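There are 2 protein chains.
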Amino acid sequence: MPRISIREVAMRAGVSVGTVSNVLNRPNLVAEATRERVQAAIGELGFVRNESARQLRQGRSRTLGVVLESMANPYFTDVARGAEAAMNTDGFDALWCTSDGSVAKERRCLDFLEEQHVSGVVITPVGLDQGRVAELHDRGLAVVLLDRRTQGGVCSIRVDHVAGGEIALGHLLDRHHRRVAFVTGPLRPGPVQDRYTGAVSAARRAGLGESAMTTLVHREMTPTAGKEAARRLLDLDPLPTGVFCANDLLAIGLVNELLRKGVKVPAEICVVGYDDIELATAAAVPLTTVRQPRHELGWSAATLAMAEASAPEEHEHRQVVLSPALVVRESA
Amino acid sequence: MPRISIREVAMRAGVSVGTVSNVLNRPNLVAEATRERVQAAIGELGFVRNESARQLRQGRSRTLGVVLESMANPYFTDVARGAEAAMNTDGFDALWCTSDGSVAKERRCLDFLEEQHVSGVVITPVGLDQGRVAELHDRGLAVVLLDRRTQGGVCSIRVDHVAGGEIALGHLLDRHHRRVAFVTGPLRPGPVQDRYTGAVSAARRAGLGESAMTTLVHREMTPTAGKEAARRLLDLDPLPTGVFCANDLLAIGLVNELLRKGVKVPAEICVVGYDDIELATAAAVPLTTVRQPRHELGWSAATLAMAEASAPEEHEHRQVVLSPALVVRESA
DNA sequence: CAAAGATCATGAATCGTTTCAAGCCACGCT
DNA sequence: AGCGTGGCTTGAAACGATTCATGATCTTTG
């Protein structure tokens, strides 16, 4: 099956290739009769524009790369949908990659995106050093960092997780819990660390001693890890009465396991989550949690990237910080 | 910033463009000294291959499109990871799209993939008619249908959901439940309908009358819908003692809401889910469910697509059917 | 020593599109 | 009649990589 190019279309419609291209890209320049003839030829032959050729010629591409940390966490997929929505309204396409938290895979993603000539990248960086950012930037790519602090030079959009941590632990303290625990994944610099910092600061402000807050670190932030966390938690003596989990998946696993062990939530132990994913509402005990504006996060990130990609000259880098908010349900 | 092309590299290394291309693609044809000089130039200039130009020239592309129904359901993301793993081992790249169950968006995805010149498509079709499949096929694309029956002409890989439905309801019947319910999303032809068919057939075989199984249809298959389903379920009179949910998310929402209403699972009502997502293990009541080989599903689909894409001539279309299996935990 | 290989390097042609200077034509105006 | 104008169309030159017939240089061999 021979591939149909603009050439065949031109032949069939009895016009030049230039005219076909005009029909495709600037239809108003073409006389109506001609336009219709060309459209017809396109339909009959089943012509599909070759995006590679188009990009090659144009230099730029209306495509953005998005590198997410994982698809397993609904938080990320919600962010992704926000980004996708923004791109669709502006006629951009997205190339999705997941780094799965691995530096090597992240590098592979970026290489792939660069070869694909995306005009910008939205990324939740795992092992991304300033050097690589600068490199991408030098090559003319718009770069937007998601949920990572930056010291200028790039656009970034993040949620104030220190505030989030304060809100979460603050809520427990307001309810007079005096022995608390923080359940988390690896404390790498970034969102998770910030939540910890916020929690610590809230504890300190409430006059709690160092030892009043136990931190349980797990390798992952999954429901399964939450389940394990519940077991470790129950071994603690004295038993904390308030638990702040670094994300909702952890919290859900933890609450479920506590219930199974006969520990009542919130009567005996209160739990606060983080993210406010859909499942938080439908959980066994509807989860009190800290809502992140996930959709907006994705949307704004994509919008910033598109703006920079479309007009790199007059673009000024912005660091957007969004605020989290407490959602009180039943678990605390 | 001028983009670095093979030309600049050639100049810098003091060789011709052809040689640089050889270093990139057939390094063994190039003398070691030259090769090293070129590699050095590539490094110094930060050259990145322009994939558009490459594809344009080569005609083919080592890229596969994957169109999934949704990113919100962990089931799909697990399938996706299986597919990605297979592609990575064979040096293929993936372009991800989600149709979100919308026919229009599905069409947009396919248009996008075709313009990107992918060499094959793995798809969970929503509104895909035979015509569109044939069209893609005519244009030389390898097509693999995921989780959809086909009458030859294309590769497909699916799970035997009729068997799955039978297993699920069969399990409830084996445990002597005589009033049962099937909770589901829209009964469109496909996996969901098949599960229903399986359930009905199991019921019939056990000699249950038509009215012994109530079917509750919801618009979505989310935990939130499961929550609603619980409310509707409790209105039923007589109350079913066994419930089969068309996926785990529904089941989880349903179980959680039942617990909240003080209904004991499995003591008063037994629940069987479908999919065996990670959350099934960590649920409030660990879920008895029907496991699908998700990873294998994705892996095999990608493998089939790559095989067809690499050697279209000698390729024979295959219809693979995988078997689901019951995983007994605590909910039933 | 001439001829035949072997080994590498070259550079022009090519992929399918966009872009743009140039051309054509019909029309109205002076 | 001559000229300008506006509306449409044309065709050739890019874009950056790959490919391949050709050539250059060096080795081997009878």
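Going down the list, the sequences are from chains X and S.
Per our numbering, the first sequence runs over residues 1 to 332.
Per our numbering, the second sequence runs over residues 1 to 332.
Beta carbons are placed, not taken as given, at the ideal position from N, Cα and C, and that holds for glycine.
This structure is a prediction, so every number in the text was calculated from the model and none was measured.
{"Asked": "Whole-angstrom distance between valine 328 of chain S and leucine 250 of chain S, CA atom to CA atom", "Found": "17 Å"}
{"Asked": "Straight-line gap, proline 324 of chain S to arginine 158 of chain S (C-alpha atoms, nearest Å)", "Found": "10 Å"}
{"Asked": "Simplified DSSP state of arginine 149 of chain X, which is helix, strand or coil", "Found": "coil"}
{"Asked": "Sufficient close CB pairs (3 or more, under 8 Å) joining the region 75–92 of chain X to the region 135–143 of chain X", "Found": "no"}
{"Asked": "Rounded C-alpha distance that separates alanine 229 of chain X from isoleucine 167 of chain X", "Found": "22 Å"}
{"Asked": "Glutamine 334 of chain X (DSSP reduced to helix, strand or coil)", "Found": "Because chain X is modelled from 1 through 332, residue 334 of chain X falls outside the range shown and cannot be assessed."}
{"Asked": "Residues of the region 281–312 of chain X with Cβ closer than 7 Å to any Cβ of chain S, in chain order", "Found": "Thr281, Ala282, Ala283 and Ala284"}
{"Asked": "Residues near glycine 191 of chain S by beta carbon distance below 7 Å, same chain, minus five either side", "Found": "Just to set this straight, residue 191 of chain S is proline in the shown sequence, not glycine. Counting only Cβ-Cβ distances below 7 Å, and skipping sequence neighbours, we find Asp147 and His161."}
{"Asked": "C-beta neighbour in chain S for serine 156 of chain X, strict 8 Å", "Found": "no"}
{"Asked": "Limits of the unbroken beta strand (DSSP E) element including isoleucine 157 of chain X", "Found": "155–159"}
{"Asked": "Residue closest to threonine 303 of chain S, alpha-carbon to alpha-carbon, out of S:Thr89, S:Gly153 and S:Lys264", "Found": "S:Thr89"}
{"Asked": "Cβ distance (whole Å) where proline 27 of chain X is taken to contact arginine 35 of chain X below 8 Å", "Found": "6 Å"}
{"Asked": "CB contact check: phenylalanine 244 of chain S to chain X, cutoff 8 Å", "Found": "no"}
{"Asked": "Beta-bridge pairing of cysteine 348 of chain X - partner residues as DSSP gives them", "Found": "A question about residue 348 of chain X goes unanswered here, because the residues of chain X that appear run from 1 up to 332."}
{"Asked": "Beta-ladder partner(s) of arginine 7 of chain S, from DSSP", "Found": "In the DSSP output, where bridge partners are listed per residue, arginine 7 of chain S has none listed."}
{"Asked": "Close-in-space but distant-in-sequence residues of the same chain around valine 118 of chain S (CB under 8 Å, 5 per side omitted)", "Found": "Ser61, Thr63, Leu64, Gly65, Leu95 and Leu141"}
{"Asked": "Buried or exposed (CB count within 10 angstroms, at least 16 for buried), glutamine 130 of chain X", "Found": "exposed"}
{"Asked": "Chain-ordered chain X contacts of arginine 49 of chain S [CB-CB under 8 Å]", "Found": "Glu115"}
{"Asked": "Residue nearest to alanine 80 of chain S in terms of C-alpha spacing, selected from X:Leu113, X:Cys97, X:Asp93 and X:Ala134", "Found": "X:Cys97"}
{"Asked": "Option in X:Met221, X:Lys264, X:Ile269 and X:Ala311 with minimal Cα separation from aspartate 275 of chain X", "Found": "X:Met221"}
{"Asked": "DSSP-derived helix/strand/coil call for valine 183 of chain X", "Found": "strand"}
{"Asked": "Three-state secondary structure assigned by DSSP to arginine 291 of chain X", "Found": "strand"}
{"Asked": "Cβ-based contacts, 7 Å cut-off: residues of the region 93–126 of chain S near chain X", "Found": "Asp93, Leu95, Trp96, Phe112, Glu114, Glu115, Gln116 and His117"}
{"Asked": "Of the residues S:Ser52, S:Val23 and S:Ile252, the one placed nearest glutamine 39 of chain S, counting alpha carbons only", "Found": "S:Val23"}
{"Asked": "Inter-residue spacing [alpha-carbon to alpha-carbon] between proline 238 of chain S and leucine 208 of chain S", "Found": "15 Å"}
{"Asked": "Validate contact between the region 266–283 of chain X and the region 315–322 of chain X using beta carbons, cut 8 Å, 3 pairs", "Found": "no"}
{"Asked": "Close Cβ partners of lysine 105 of chain S (< 6 Å) along its chain, the five nearest in sequence each way excluded", "Found": "Ser99"}
{"Asked": "Unbroken beta strand (DSSP E) run spanning threonine 376 of chain S, endpoints", "Found": "The shown model of chain S, from 1 to 332, leaves out residue 376 of chain S, and the question about it has no answer."}
{"Asked": "Within chain X, partners of serine 331 of chain S - CB distance below 7 Å", "Found": "Residues of chain X passing the Cβ test: none, with the nearest at roughly 12 Å."}
{"Asked": "Cut-off 8 Å between Cβ atoms - residues of its own chain near leucine 254 of chain S, not counting five sequence neighbours on either side", "Found": "Val183, Gly226, Lys227, Ala229, Ala230, Leu233, Val243, Cys245 and Val271"}
{"Asked": "Residues of the region 48–71 of chain X with Cβ closer than 7 Å to any Cβ of chain S, in chain order", "Found": "Val48, Arg49, Asn50, Glu51, Ser52, Ala53, Gln55, Leu56 and Met71"}
{"Asked": "Backbone CA spacing between arginine 219 of chain X and methionine 71 of chain X [nearest angstrom]", "Found": "17 Å"}
{"Asked": "C-alpha gap between aspartate 93 of chain X and glutamate 313 of chain S, whole angstroms", "Found": "32 Å"}
{"Asked": "Proximity test, Cβ basis, 8 Å: glutamate 44 of chain S and chain X", "Found": "no"}
{"Asked": "Runs of alpha helix (DSSP H) lying entirely within the region 280–327 of chain X, each at least 4 residues, in chain order", "Found": "294–310"}
{"Asked": "Collapsed DSSP secondary structure at alanine 251 of chain S in the structure displayed", "Found": "helix"}
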